[in-house]
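Residue numbers (the working numbering), protein chains in the order written: chain A, 42 to 469; chain B, 42 to 469. Note that the Cβ used here is the ideal one computed from N, Cα and C, for glycine as well.
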């Protein structure tokens, strides 16, 4: 669809520009301070989990499967916590280690372990020359930061509505032994909100990596984060691996960061027998045991996968109106203009907005000027480098509905003004 | 003092041996299963902190210094938690990062950071050939495991009642740029229970390392773990550094592992401005923020350093009788025999037992046979190698007083029998 500004006469375009500049000026005068930058749950959402704090008292018997949660022991996590974690992602508890409150931390620790010490006895990545990670892009900036932190080369791979471009992934993984891993958010991907198709998951499971120490970092961050009763279905990667007769290929991660308390949830990793043994022996050198009182409280509160689903319906009731507001505002404000597209996720934490090439940095900067903080343009690409400068991640959960409505109105003015300015500049 | 067995006639020795073998046989028949192996608080001790679980409810306002403890934010830890941590070890809160539940994990992370990425922009240790760590020995096995895990060479350094042999430390640190760090437990050292003298602390602060990326890993694990109202006084290492005009030399660690809940306490690191900035930027790649609800609960429970001291007096009331029982049993059972010495700590978690050269492995094995598990002989030395095979770490806190009394009786029989057998073997 052609841009409405492109079809305007010079006079009409100038009039439109004047009108938009005036709108922007009026917004600037309001000194707004709104934030659509990060995927943080709102206060309404964190309040949903506060009843957890009533469940443990000084009288509570903290024994779990014979293990006192309030002392050392249980390096793999409490038995009940491992069972809950395993049920949520559909694996065997024996293949799960529950550790800490941050799945990103677990991902970091496994990258660091591979880099410094090596995966399952293979040479450390740091001794293998320049190693590489595939980064389906746009993607999650903090993933890319972890590998970049270790000097690992982040290689962008195109995303499609079905997940990463698997022809490209297979070509790179199966021919280049320097390719050691890939970052994936397979369900309600950050920032698109798309879910990998069964075919994509099967192609991941069927990969024959050139490097024996290649691993898929399968960050199932939004495993249970549906906005609607019927959510997207993600094929279980470990089932697909079994089907393909493969093993030792996937580290799966998840957490309750956006189920209970961000930063104070429980986080876990699942992997094959051999990989879990390797991870366990690394973790044994790192610390005596994980924090377990929080694990105990989480199990008391969430109980099982059904309990988690019931709890997530409460989250959905809070954030579904926010996502629907984004859709409505964008549809009303932008649909007829031919200048932008956006995704329509049925879960997760983000909407991906796609403006014209060369517009994203300008839109983010103008929105900032008008009082709305967005995720930095380019942040969703390795090294912050969006080659088309067109992707903007919209994070609608943290503001209130009212704030979000205002922020979206500002954003839409910014988009339109930047696009009209670009058209004007192209004509002069 | 000469061994009583050495002064016996052959006939007396044989009679004594027969008597001891009979005692051992009687113990073996009892099929005991007692554990004096690890420095775990007892149930009575962890119960002291369970009232903490009453302090947070679903109604609690979790805001701390304007920061919601139940959401992301506060990568350095909650303001109140940093203030508490700083007060406990006598530093400025701006120099403290509170993160996670395990100070060992923080130590690991800083070794790993230095190894893979380098300290403050210096070359990573992994690119500098064989690097080395000094290990005052006997010491804490898990320290030595961290550096050994990264292939760093652990070099034992002699311990004295005033701390490590500082002539040896200074010689190694100041002449060998491959020496990158030293493990210290400066107060109530593990396993001796001794506290570094002011002179030792000042000599640490005055070190002029050959390597610019040398750091002292100052694990102040037992900072507040006095058995008596008048505890050992440890000179503040950061005060000593200021006195010496030095900086960027010390990472200090502490935690509430043995104040509140082992494995589920709060842990922190303190360091100079430049070092904290370096640590902060590493941690920023590792995770969004630390677990903070536990930090909030700890501050609500412990409040301040005075609150910690009051709480630690309750711990002392529980474990002081255990330490005094060790002293009494050893004095009654071994003092006159000239075969062993032991330390007399006024705090911490351990007593160091010193038998004749070549006896420790045999004593630990025999005690095990008789139903008492001890810390493995040699475990307190790098690579498990006690050159004299004479050190045994006694951990009296976990068993009940009754169990401990039984375990010590068994241990004493094992010591005497091994020593008598050694004397007999020496004569034949």
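Which word fits residue i, buried or exposed, when buried means at least 16 other C-beta atoms lie within 10 angstroms of its C-beta?
i	result
residue 408 of chain B	buried
residue 171 of chain B	exposed
residue 234 of chain B	buried
residue 237 of chain B	buried
residue 162 of chain B	exposed
residue 354 of chain B	exposed
residue 321 of chain A	exposed
residue 426 of chain A	exposed
residue 441 of chain B	exposed
residue 183 of chain A	buried
residue 122 of chain B	buried
residue 335 of chain B	buried
residue 176 of chain A	buried
residue 330 of chain A	buried
residue 377 of chain A	exposed
residue 105 of chain A	buried
residue 428 of chain A	exposed
residue 84 of chain A	exposed
residue 271 of chain B	exposed
residue 424 of chain B	exposed
Does the distance from the CB of residue i to the CB of residue j come in under 7 angstroms?
i	j	result
residue 205 of chain B	residue 251 of chain B	no
residue 61 of chain A	residue 370 of chain A	no
residue 396 of chain A	residue 381 of chain A	yes
residue 405 of chain A	residue 420 of chain A	no
residue 314 of chain A	residue 387 of chain A	no
residue 43 of chain A	residue 374 of chain A	no
residue 326 of chain A	residue 187 of chain B	yes
residue 309 of chain A	residue 126 of chain A	yes
residue 241 of chain A	residue 267 of chain A	no
residue 110 of chain B	residue 394 of chain B	no
residue 75 of chain A	residue 413 of chain A	yes
residue 220 of chain B	residue 257 of chain B	no
residue 332 of chain A	residue 305 of chain B	yes
What does DSSP give as the partner residues of residue i in its beta bridges?
i	result
residue 173 of chain A	A:194 and A:220
residue 257 of chain B	B:223 and B:291
residue 296 of chain B	B:308
residue 392 of chain A	A:435
residue 205 of chain A	A:200
residue 77 of chain B	B:415
residue 109 of chain B	B:104
Would you kindly report the start and end of the unbroken alpha helix (DSSP H) that includes residue i?
i	result
residue 332 of chain B	Element bounds for residue 332 of chain B: n/a, residue is neither H nor E.
residue 442 of chain B	442-468
residue 146 of chain A	144-157
residue 88 of chain B	84-88
residue 359 of chain A	346-375
residue 241 of chain B	239-246
residue 132 of chain A	Per DSSP, residue 132 of chain A belongs to no alpha helix (DSSP H) and is neither H nor E.
residue 48 of chain B	45-48
residue 322 of chain B	314-327
residue 69 of chain A	51-69
Give me the chain B residues within the contact set of residue i, using Cβ-Cβ distance strictly less than 9 angstroms, ordered along the chain.
i	result
residue 332 of chain A	141, 142, 143, 302, 304, 305, 306, 332 and 335
residue 231 of chain A	The contacting residues do not exist; residue 231 of chain A stays about 13 angstroms from chain B at best.
residue 149 of chain A	326, 327 and 328
residue 261 of chain A	Going along chain B, no residue has its Cβ under 9 angstroms from residue 261 of chain A, so there is no contact; the nearest lies around 17 angstroms.
Note down, in chain order, every chain A residue with its Cβ under 7 angstroms from the Cβ of residue i.
i	result
residue 94 of chain B	97, 98, 99 and 101
residue 91 of chain B	99
residue 146 of chain B	327 and 328
residue 167 of chain B	157 and 167
In terms of residues, what are the limits of the beta strand (DSSP E) holding residue i?
i	result
residue 138 of chain A	137-139
residue 414 of chain B	413-415
Give the residues of chain A in contact with residue i, contact being defined as C-beta atoms less than 8 angstroms apart.
i	result
residue 522 of chain B	Since the first and last residues shown for chain B are 42 and 469, residue 522 of chain B lies out of range.
residue 153 of chain B	153 and 157
What residues of chain B sit near residue i, judged by a beta carbon separation below 7 angstroms?
i	result
residue 499 of chain A	Because chain A spans 42 through 469 in this model, residue 499 of chain A falls outside it and cannot be assessed.
For a contact defined as C-beta to C-beta under 8 angstroms, what are the partners of residue i on chain B?
i	result
residue 191 of chain A	157 and 158
List, in chain order, every chain A residue whose beta-carbon is nearer than 9 angstroms to that of residue i.
i	result
residue 87 of chain B	103, 109, 111 and 112
Exercise. Identify each residue in the segment 170-199 of chain A for which the Cβ-Cβ distance to at least one residue of chain D is less than 9 angstroms, and report them in chain order.
Key: No chain D appears in the structure shown, which is made up of the protein chains A and B.
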